[in-house]
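Everything on this sheet refers to the single structure shown next.
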Amino acid sequence: MKDSDITIKLMNYMFMSMSNTMNQVPFSGQHWMEQLVIGSVQYFIDEYWDDSKLDSKKPVEICRTYLNVMEDVGFLYAKDYRLEESGDSLLMSVKTNKCVYRECCQRTGEKEGLSFKNCIRLGTFQAILRHVLGENNYLTSVDMAADGFCYGKLRPNTQPKEEIVTREGHIIKMAGHRAFLLRQKTYASLMASIRDHAPQILKHVLYDAGYQSGLSLARKARESYPYPKECLQLLLDELTNLGVGKLELVSFSLSCARVKIRCYDSFWADTANEYGHLYRTPQVICDMLRGILAACLSVIFEKEIICEEMVCQSMGADCCEFLALPLPQESSGGRKPHDPRNE
Amino acid sequence: MHRAYFGVEGLDRNLEQGLSYGSQIMVEGDSGVGKTVLAGEFIKEGLRCGDTCVYVACDEPPTVMREHLLSFKVGTPAYEETGRLVFIDAYEEDGSTEKYVLSDLRHLEKYFTLESEVLRSCNGPRVRLVVDSLSTLLTNLEITDVIDFHRTRLKQLKKTGILAMDIFVSGVLEPRLITITSHLYNFILKMSFNGSRCNPVRQMQIGKVKSQQFTSSTHAFTVSPIYGILVAADTGVHK
Chain P
-6 MKDSDITIKL MNYMFMSMSN TMNQVPFSGQ HWMEQLVIGS VQYFIDEYWD
44 DSKLDSKKPV EICRTYLNVM EDVGFLYAKD YRLEESGDSL LMSVKTNKCV
94 YRECCQRTGE KEGLSFKNCI RLGTFQAILR HVLGENNYLT SVDMAADGFC
144 YGKLRPNTQP KEEIVTREGH IIKMAGHRAF LLRQKTYASL MASIRDHAPQ
194 ILKHVLYDAG YQSGLSLARK ARESYPYPKE CLQLLLDELT NLGVGKLELV
244 SFSLSCARVK IRCYDSFWAD TANEYGHLYR TPQVICDMLR GILAACLSVI
294 FEKEIICEEM VCQSMGADCC EFLALPLPQE SSGGRKPHDP RNE
Chain A
993 MHRAYFGVEG LDRNLEQGLS YGSQIMVEGD SGVGKTVLAG EFIKEGLRCG
1043 DTCVYVACDE PPTVMREHLL SFKVGTPAYE ETGRLVFIDA YEEDGSTEKY
1093 VLSDLRHLEK YFTLESEVLR SCNGPRVRLV VDSLSTLLTN LEITDVIDFH
1143 RTRLKQLKKT GILAMDIFVS GVLEPRLITI TSHLYNFILK MSFNGSRCNP
1193 VRQMQIGKVK SQQFTSSTHA FTVSPIYGIL VAADTGVHK
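Protein chains in written order, with my numbering: chain P, -6 to 336; chain A, 993 to 1231.
Here is the structure:
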């Protein structure tokens, strides 16, 4: 199939449009984009796939066979793709200019500034693996590297993503647990009410609530993403998708367990600016996010991390900035902050 | 214009205009009544508001305040690393690992020089200073020397816009010295135990000295290991 083939262009336009639309779907857009890719591939599988052609049911062999089937119908050259096993993961590399989906990836990823990092090719592998192996789910990640290659990775995942929102009749669920949506105005009035009745507990309630929710989120992520930085990046992406603000990892030191994170358009800063400040003087107010980040980092580094909001958008800064460091080792007296390892 | 607060809800509610930077607070109280807890609240509030906070530890090593703040989930390492929280060790003359150490507790001039140096090195636009407790530095010194030191120091702090909290332990200094000194401060906060021996009640009076009279409001309070100082809401009695 020629690069200039209008069919390729139209297919890329279609995926770009889908990607654009899914980017506007709250919470689970990336998940639904994957499902759209997998669903469309399933039609191809139903028509052209034959299980008897498989020599083995190893994921790498399934994907190679799939590429060969695609070559047989004239869609691609299987030799353009390099596949190899790495533990229970599958690694793929392809020269970017050899991939038929490059226009979609480049334009949605770079030019249009969308947040999707889906690789459609990896999505097709997810589809065939699911078809052959059953309900196995694979997580994907891809890096469009400066050397002109795309490096993709598929790894097994048994946990639902925290952000996935589904509806069953009048019941909304998030990651399988019942949830409901709260308007910012309602949240602001709830906080104002706590402040009026028990002002001394407000910061503690927000921090502790954040810490507890961060713990469960981080533990799930840690099971699927054992590498600390990768796990943190996933958590920041998920928190961004949940609407807390756009989180950016500024610096990460594994050896010092020192992390700097920025949050643009923090929900809490925006709530203060929109519905009034909770405190007498301008001050940092994102205690809930501070708690979430402290819990996430404590799980990731497997030691107690304390996180401080150094500047806040509610005080006129461009963004909120958090600095996280380990609890000093000499600390022994007093009431220690919650230690996630004790649970 | 920025206004400051103690960070104690029941107390701040009574300060309609708050505290201005450049003013000085005298905290005088019984041992164990909660002066250092109040200092911790004052520092916590300052750090949240973007202030640079300097804590002079005279009665215990600085680590005690670090641990106190950590127990209230204040990550001191982050603030110390960025220069927003500075400790001066005026407790351990020898063997201290702190960056700033008062080498000789007997010389007020040395203290004044060190305090001025540290305050000059603070980068932020607003600075809070807590000396816990200043009375320890002033024991066994000539009353005239102490008053001269106070006048010079407080004038300097006012001029440089430092919001200062000086803590005095009741009974350490001569009552006459405390009376004279109290005239130099903008706010006076007296913390004491009242009630019976079996059932002591903590009480604080906040006010100012005007025309030789201490005009204050009185509030009962407790010290919570989770929330710090909790002022009873409706027990204010205006004298």
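Yeah, the Cβ is synthetic: ideal placement off N, Cα and C, and Gly gets one too.
- According to the DSSP assignment, P:M167 belongs to no alpha helix (DSSP H) but to the beta strand (DSSP E) extending over I164 to M167.
- Only residues of its own chain outside the window of five on either side were considered, and among them G999 have a CB closer than 8 Å to the CB of A:R1040, listed in chain order.
- Judged by pairs of C-beta atoms under 8 Å, the region 120 to 128 of chain P touches the region 50 to 67 of chain P, as three or more such pairs exist.
- For A:H1211, the enclosing beta strand (DSSP E) covers residues Q1205 to S1216.
- Rounded to whole angstroms, the separation of the alpha carbons of P:H24 and P:T179 is 28 Å.
- When the Cα atoms are used, A:L1129 and A:P1217 turn out to be separated by approximately 29 Å.
- By the Cβ test, the region 288 to 307 of chain P is not in contact with the region 1043 to 1054 of chain A, since fewer than three Cβ pairs between them sit closer than 8 Å.
- In the displayed model, P:M11 falls within a helix according to three-state DSSP.
- DSSP lists A:I1180 and A:S1208 as the beta-bridge partner residues of A:G1199.
- Under the rule that a run must span 3 or more residues, the beta strand (DSSP E) segments found entirely inside the region 150 to 201 of chain P read 158 to 161 and 164 to 167.
- Note that the C-beta distance between A:L1100 and A:F1141 is below 9 Å.
- For the region 298 to 316 of chain P, the residues whose beta carbon sits under 8 Å from a beta carbon of chain A are, in order, I299, C300, E301, M303, V304, M308 and L316.
- Residue-level contact by beta carbon fails for A:P1167 and chain P, as no gap is shorter than 9 Å.
- Looking from the CA of A:R1005, the closest CA among P:D189, P:K50 and P:M167 belongs to P:D189.
- Take P:S259, set aside five residues on each side of it, and the residues of its chain with a beta-carbon closer than 6 Å to its own are G238, C279, Q306 and C313, in chain order.
- Cβ contact annotation for A:F1034 (same chain, cutoff 7 Å, sequence separation greater than five): F998, G999, R1120, V1122 and M1157, in chain order.
- Contacts with chain A at 9 Å (Cβ-Cβ) include P:P321.
- DSSP places P:D81 in no alpha helix (DSSP H); its state is neither H nor E.
- For P:Y41, the number of other beta carbons within 10 angstroms of its own is below 16, and it is reported as exposed.
- Taken in chain order, the members of the region 993 to 1007 of chain A whose beta-carbon sits within less than 8 Å of a beta-carbon on chain P are H994, R995, A996, Y997, E1001 and D1004.
- Beta bridge pairing from DSSP links P:C313 with P:C256.
- Cβ-Cβ distances below 8 Å link P:E231 to K154, E155, E156, L210 and A214 in the same chain, with the five nearest sequence neighbours on each side left out; the list follows chain order.
- Non-local C-beta neighbours of A:V1138 in its own chain, meaning closer than 7 Å and more than five positions away in sequence, comprise L1130 and L1169, ordered along the chain.
- Beta bridge pairing from DSSP links P:L147 with P:L83 and P:T133.
- As the crow flies, the alpha-carbon of P:D65 is around 31 Å from that of P:N13.
- In the structure shown, P:S244 falls within a strand segment according to DSSP collapsed to helix, strand and coil.
- In the three-state scheme derived from DSSP, where H, G and I count as helix and E and B as strand, P:M303 is classed as strand.
- P:C289 places its beta carbon 9 Å or farther from that of P:L242.
- Taken through DSSP and simplified to helix, strand or coil, A:T1044 comes out as strand.
- The Cβ of A:E1020 sits no closer than 9 Å to any Cβ of chain P.
- For A:A1049, no Cβ of chain P is located within less than 9 Å of the residue's own Cβ.
- In the DSSP assignment, A:E1020 falls within the unbroken beta strand (DSSP E) covering Q1016 to G1021.
- Ranked by Cα distance from P:R75, the options P:R114, P:A172 and P:L247 are led by P:R114.
- Here P:L60 is not near P:L47, since their CB atoms are 9 Å or more apart.
- Residues T1044 and G1075 of the same chain have their beta carbon placed closer than 8 Å to that of A:N1115, with the five preceding and five following residues left out of the count.
- The C-alpha of P:V252 is placed about 33 Å away from the C-alpha of P:T89.
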